[in-house]
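Just so you know, the protein sequences line up as chains Z and W, in that order.
If you read the first sequence in our numbering, its first letter stands for residue 1, the second for the next number, and so on.
If you read the second sequence in our numbering, its first letter stands for residue 1001, the second for the next number, and so on.
The structure appears below as structure tokens.
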Amino acid sequence: MPGSSAATSPTGVARILYKEIVPGDLRKIVAESNDSDTGGGARDFRFGEFGKLEAIIRKMFPHTVREKRRREGRNVEVDIFRGTFHWNFDGVDEHKDVDFEPPTSARPSEGRITRVHEQPCFAPNRIPKFGEGNKVLLLLVQRNDGTVWPHFIEERSLTNPGAWDPRVAKELLDCIRGERAVNKVVIGYRDFTSGEGYCNDK
Amino acid sequence: MTNEFTKDCIEVLERLRAAKNVLVSGPPGTGKSRLIGEVGKAFEIGLPAPGVAAMPIHNPKAKVPIPPAAAPSDPALVKAMPCPGKTVRKVFRTVFHQNSKHRDFVTGMIPNTQRKAGEPDFVIIEGALFKASEHAKSRNGASLLIIDEINRGPAVQVFGGAIVAIEADKRLGSDGTPTSETQFFDVLSRSGNLDSYALPEDLYILAAMNQADASVEPLDVAFLRRWEPYVLDPSSEVLRTHFGINGSNAVSGALPEIATEAKHVFEASVRAWEKVNRRVSLGRGPEFQIGHGVLMSGISGGMTKDAALQASANSWAKLRAHVQEVFFGDLRGIAATLNAIDGPSFHPLQLVETSFADDIRYELMGPSRIGPDRIYDALRAIG
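In structure tokens, the structure reads:
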């Protein structure tokens, strides 16, 4: 959806939300995933610790729409959070609406960005290569103008002196290097307007 | 990053800091929109404290999305920045138009088009001024409200009771409490009541207008005196710098009869534009001049001569349309501005006298659009 997108001029960052991307997520983007560890065949990016992230997710996906879903064998209406992703590949501003679904009873702590394989900003060729000591994160940046910009970033670039804003690099590296359960991925946020932050249960 | 801010930007920031409300005006094409955009960017980035910008900066076109925000080394910027200690800085933008209303700018009621059972028929909306004010009242908050085309809408009505309250000395004190001079006005609150309201210290308002535009609303003196003016003038220097025809590449003396390089075309264009503006100033008034921006679109230094001729033909078609608008109904005024009354023989345009029903009539003979093949002759003739 090219055209009337947010201006790409440098603008202050209000908040960031980040989540580690694992090989299963990559398979979701290319619509090949069917492994239960990553949420079965659904083409979703899952965000654990939803309760801790909900406030910031509501800021990034500010609209609420009611949609019908099947839950525990019954048809129910659930509130879906809707926002817009903006991106600029090769100098072209583009944007597309995106939905974030709250947890289900089967996975009560996980929210999900849905239908990721339909998001052009998640094009597989935009994802850096995984590797030992080089985690890949999905970084959602909400600017002061309210627009949300997704980026895939790699751990290696964060240690490159002078490449990143030092506050952002420290935030992300501290979380990547922090303690967490072996089955947990890196996940956290920082709100630069309020100073609040979160990283893997801390 | 901050070192790239222009002198105009620094001066406007300085005036915002001192007077809180600044009105940028100037003929079309003098860079008003560019300037207010630049001021917005500078305001939002703020100053480093200490060593880095107040907030991280997102740059989608950079190698990484949030690169380091360079500390400003320009002491003038440090001196000019409004409320440098406030770190949660936000820019709000709006554009006035003929249908702008007080309710769209401050607060008001609109029909509840998404009404569900049990909900009221009307909802309260908050406009750009109210939102910017509320943000500036928040902890560490500072707002810059940008109003483009302020005289394209009924500005006095749109501001309503806020007109006095915007004055620098009529705001709330720095601690957010009223002073003896704080001016209150009524706003429709979220509860539907009329509440007394005053504007905070760190709300800054930057407006832009084009005085010569015939379709605009007049602004009364009482309104205008609440703004610090900042006037942008057409600038030959900006044009010559943009074309790369200054310094050692400048063209001095008479222009050659036949352009052999792009710089001859550019210099002819600048000289002709200067003469047109001089004649427009005399014939209609300085506010009806045309800014340098009209000649800059699609043109850059390093062009070939043929590309320069084509681009100049395009620019001058727009410039001629401006002259025709300014002197609408006055063919002699148009012709005089384009030097087509007894102009040089190589001028593609000539005003000729003819008659209609025994009355004298005038006709501007020549192509309705001067192409790249004749544009250099035209520019030499006009200038």
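Yeah, the Cβ is synthetic: ideal placement off N, Cα and C, and Gly gets one too.
No Cβ-Cβ contact shorter than 8 Å links GLU49(Z) with ARG66(Z).
Using a CB distance below 8 Å, the part of the stretch 1070 to 1094 of chain W facing chain Z consists of VAL1088, ARG1089, LYS1090, VAL1091, ordered along the chain.
In the displayed model, LYS96(Z) falls within a strand according to three-state DSSP. For LYS1275(W), no Cβ of chain Z is located within less than 8 Å of the residue's own Cβ.
Taking one beta carbon from each stretch, the stretch 1022 to 1031 of chain W and the stretch 106 to 117 of chain Z have fewer than 3 pairs nearer than 8 Å; the two do not touch. In the pairwise beta carbon analysis, the stretch 1070 to 1090 of chain W is classified as touching the stretch 1140 to 1152 of chain W: at least three pairs are separated by under 8 Å. With respect to chain Z, the C-beta atom of PRO1027(W) has no partner C-beta closer than 8 Å. In this structure, ILE127(Z) and LEU139(Z) do not form a Cβ contact; the two beta carbons are roughly 12 Å apart against a cut-off of 8 Å. Note that the C-beta distance between SER1281(W) and GLN1289(W) is below 8 Å. GLN1183(W) sits close to ALA1165(W), with the two beta carbons spaced by under 8 Å. Here the alpha carbons of ILE1334(W) and ARG1190(W) stand approximately 55 Å from one another.
Across the structure, GLY1371(W) and LEU1379(W) are spaced so that their CA atoms are roughly 12 Å apart. Taken atom to atom, the span from the alpha-carbon of LEU1331(W) to that of TYR1362(W) is near 7 Å. Among the CB atoms of chain Z, none fall inside 8 Å of the CB of VAL1265(W). Collapsing the DSSP output to three states places GLN1114(W) in coil. Around ASN1193(W), no beta-carbon contact reaches into chain Z at under 9 Å, the shortest distance being about 27 Å.
By DSSP's assignment, ASN1246(W) forms no beta bridge with any residue. By the Cβ-count criterion, PRO1344(W) is exposed, with fewer than 16 other Cβ atoms from all chains shown falling within 10 Å of its own Cβ. For PHE192(Z), the C-beta contacts it makes with chain W under 7 Å involve MET1055, PRO1056, in order along the chain. Close to chain W, meaning a Cβ-Cβ distance shorter than 9 Å, are the following residues of the stretch 9 to 31 of chain Z: SER9, PRO10, THR11, GLY12, VAL13, ALA14, ILE16. Straight-line spacing of the CA atoms in PRO108(Z) and ILE29(Z) works out to 23 Å.
Sequence-distant partners of GLU1274(W) (beyond 5 residues in either direction) whose C-beta falls short of 8 Å from its own C-beta, in its chain, are SER1236, GLY1383. Beyond the five residues adjoining it in sequence on each side, ASP1202(W) comes within less than 8 Å, by CB distance, of PRO1082, CYS1083, LYS1086, ALA1136, GLY1141, ALA1142, SER1143 in the same chain, given in chain order.
PHE1159(W) is not a Cβ neighbour of ALA1128(W), given a cutoff of 8 Å.
Beta-carbon to beta-carbon, ALA1162(W) and PHE1096(W) are separated by about 14 Å, too far to satisfy the 8 Å threshold. Taking LEU1351(W) as reference, the option from PRO1060(W), MET1365(W), VAL1294(W), ALA1262(W) with the minimal CA-CA separation is MET1365(W). Short of 7 Å from the beta carbon of PHE1266(W), and not among the five residues preceding or following it, lie these beta carbons of its own chain, in chain order: PHE1243, ILE1245, ALA1308.
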